[in-house]
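Residue numbers 50 to 495, in my numbering, belong to the letters of the sequence shown in order.
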Amino acid sequence: MSKGTYAFVSLGCPKNLVDSEKMLGSLSLDGYSLVSEPEGSDFVIVNTCGFIESSRAESRSVIQEMLDLKKQGGTKGVIVAGCLPQRLEGESSLLKEMPEIDHVVGVFGRDEITKVADRLVGGLNEQRELFRPAPITAMDDRARLRITPDHFAYLKISEGCDRTCTFCSIPGMRGKHVTKPIEMILEEARELVADGVRELILVAQDTTYYGMDLYGEVRLAELLRQLEKVDGLDWIRLMYLYPINFHDELIDVIRDSQVILPYLDMPLQHISSPVLKRMQRRVNGDQTRELVSKLRDRIPNLVLRTTFIAGFPGETDEQFEELRQFVIDTRFERMGVFTYSLEPGTPAERLDGHLPEDVKVARCDELMQIQQQIAFEHADSLVGYELDVLIDEQLEEGVWAGRSFADAPEIDSNVIVTGGELSPGDMIPVEIIERQDYDLVGIVSE
Numbered sequence: 050m051s052k053g054t055y056a057f058v059s060l061g062c063p064k065n066l067v068d069s070e071k072m073l074g075s076l077s078l079d080g081y082s083l084v085s086e087p088e089g090s091d092f093v094i095v096n097t098c099g100f101i102e103s104s105r106a107e108s109r110s111v112i113q114e115m116l117d118l119k120k121q122g123g124t125k126g127v128i129v130a131g132c133l134p135q136r137l138e139g140e141s142s143l144l145k146e147m148p149e150i151d152h153v154v155g156v157f158g159r160d161e162i163t164k165v166a167d168r169l170v171g172g173l174n175e176q177r178e179l180f181r182p183a184p185i186t187a188m189d190d191r192a193r194l195r196i197t198p199d200h201f202a203y204l205k206i207s208e209g210c211d212r213t214c215t216f217c218s219i220p221g222m223r224g225k226h227v228t229k230p231i232e233m234i235l236e237e238a239r240e241l242v243a244d245g246v247r248e249l250i251l252v253a254q255d256t257t258y259y260g261m262d263l264y265g266e267v268r269l270a271e272l273l274r275q276l277e278k279v280d281g282l283d284w285i286r287l288m289y290l291y292p293i294n295f296h297d298e299l300i301d302v303i304r305d306s307q308v309i310l311p312y313l314d315m316p317l318q319h320i321s322s323p324v325l326k327r328m329q330r331r332v333n334g335d336q337t338r339e340l341v342s343k344l345r346d347r348i349p350n351l352v353l354r355t356t357f358i359a360g361f362p363g364e365t366d367e368q369f370e371e372l373r374q375f376v377i378d379t380r381f382e383r384m385g386v387f388t389y390s391l392e393p394g395t396p397a398e399r400l401d402g403h404l405p406e407d408v409k410v411a412r413c414d415e416l417m418q419i420q421q422q423i424a425f426e427h428a429d430s431l432v433g434y435e436l437d438v439l440i441d442e443q444l445e446e447g448v449w450a451g452r453s454f455a456d457a458p459e460i461d462s463n464v465i466v467t468g469g470e471l472s473p474g475d476m477i478p479v480e481i482i483e484r485q486d487y488d489l490v491g492i493v494s495e
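Rendered as structure tokens:
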């Protein structure tokens, strides 16, 4: 017999999605039933993002939507979890701001979500906030109820961050870097593969720092060697790589692997050394250029994804021009740009030289216009080639959307495929016949 029904809304990054899936798994094992729509449910859980102002605004909007539904009698309660309540813990708590919320749960209260649900369903509202200190050992992400398609999954290899980037609020929400032991990751990977996963996407706040706190040295290369041996795994994709600790051993493991994709997501944030110093990135422009060049030289067919911040405090016209020229010269296959978001409580808030919003937006737009042409030209260069494509979903009769090694879910392009009887999770050779905007179009190879 079900203890109650609930709907779930997961916002933010893939790391937050893993937390959502862990909460879903816990609630399912405890006897709660997930429903697809909030209306008519016993309660709704919103797992929020609190990273930058736009994500906080989205979180507040979704919370308010659920509170309005509750007011209209469409659901009996609203639980808010994740980074937003964690960030607002204390004087400016989310409950003070939005008192109609029934319960809030911080990032590290995740594993006690069933107790919170029990209190809500039982009408016990004397303790409405649940915050726990950041753990000193890794949290166990096994026994998740996944909301990604069966054939790919995110695997969080660590939690928290020891970097001190001046623009970033994540260490305040997610704590210090805590490595998940290799043995635990391997067990989780095997569990996911047994559940149908063909592509594992490794995520963390800083994947290249993996192992430092637990083993006294970085161990990402060793982790990858072990993951390669997991039977049934076709692709391993690396995300959130920091441009430090990218040693030759790691490059060699990626280069020599048949499973680890030549796709690296490495947010660089800027190329100007003075800007990088103000960001406290602990890497300068020359070191960044040297690393990018080495990766290009050593890893065949490499696809590099990066992100930059436009309009960081004190960014001069000359420093922006250096970034602009770097984008033109380097020709990243995948790139995103964010305007600098002033984050309360971060060291960058106290820097001088904050730029007007219109200047930040103009610089962001200029970079993205350059990148659009680069991305189109890269896609055009693939026409006529055959690519292995992992099918994600059916778009219409006889038409499917999939991804090549060069495309991470949600953030990159698709390969639109026609021909053949296909299913999500199929890995098939596709002949690329044209480009449509950022996407490629192909037919199943004979």
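All residues carry an ideal CB built from backbone N, CA and C; glycine is no exception.
If one requires a minimum length of 3 residues, the beta strand (DSSP E) runs lying completely within the region 108-192 are 127-131, 152-154, in chain order. 206 is the residue among 181, 206, 183 whose C-alpha sits nearest the C-alpha of residue 191. Annotation: the continuous alpha helix (DSSP H) that includes residue 242 extends over 231-243. In this chain, the beta strand (DSSP E) harbouring residue 202 covers 201-205.
Beta-bridge partners of residue 387 (DSSP): 358.
In the three-state DSSP reduction, residue 476 falls in the strand class (E or B). Separation of residue 446 and residue 466 (C-alpha to C-alpha, rounded to the nearest whole angstrom) is 11 Å. A residue is called buried when at least 16 other Cβ atoms come within 10 angstroms of its Cβ; residue 344 meets this threshold and is buried. Within the same chain, Cβ atoms closer than 8 Å to the Cβ of residue 230 are found at 187, 263, the five residues on either side in sequence being excluded.
Here DSSP, grouped into helix, strand and coil, assigns residue 253 to coil. Residue pairing by DSSP puts residue 82 in a beta bridge opposite 54. Under the rule that a run must span 4 or more residues, the alpha helix (DSSP H) segments found entirely inside the region 366-418 read 366-379.
DSSP, reduced to helix, strand and coil, places residue 465 within a strand of the structure shown. Scanning its chain for C-beta atoms nearer than 8 Å, with the 5 sequence neighbours on each side dropped, one finds around residue 80 the residues 50, 51, 52, in chain order. Counting of Cβ neighbours within 10 angstroms places residue 208 among the buried residues, the total reaching 16 or more. Minimum Cα-Cα distance from residue 381 among the listed residues 367, 407, 342 corresponds to 342. With contacts defined as CB atoms closer than 8 Å, residue 402 and residue 363 qualify as a contacting pair. Our two residues, residue 389 and residue 460, have alpha carbons roughly 20 Å apart in a direct line.
Listed in chain order, the non-local C-beta contacts of residue 493 below 7 Å within the same chain comprise 466, 468, 469, 477, 479, local neighbours out to five positions each way being set aside. Distance check between residue 321 and each of 315, 332, 151, 249 places 332 closest, using alpha-carbon atoms only.
Proximity to residue 312 across 249, 84, 423 peaks at 249, based on C-alpha coordinates.
DSSP, reduced to helix, strand and coil, places residue 445 within a strand of the structure shown. For residue 132 and residue 236, the gap between their C-alpha atoms comes out near 27 Å. In this structure, residue 158 lies away from residue 104, with their beta-carbon atoms at least 8 Å apart. Classified as exposed, residue 296 has fewer than 16 neighbouring CB atoms from the shown chains inside 10 Å of its CB.
C-alpha of residue 189 to C-alpha of residue 199: approximately 20 Å in a straight line.
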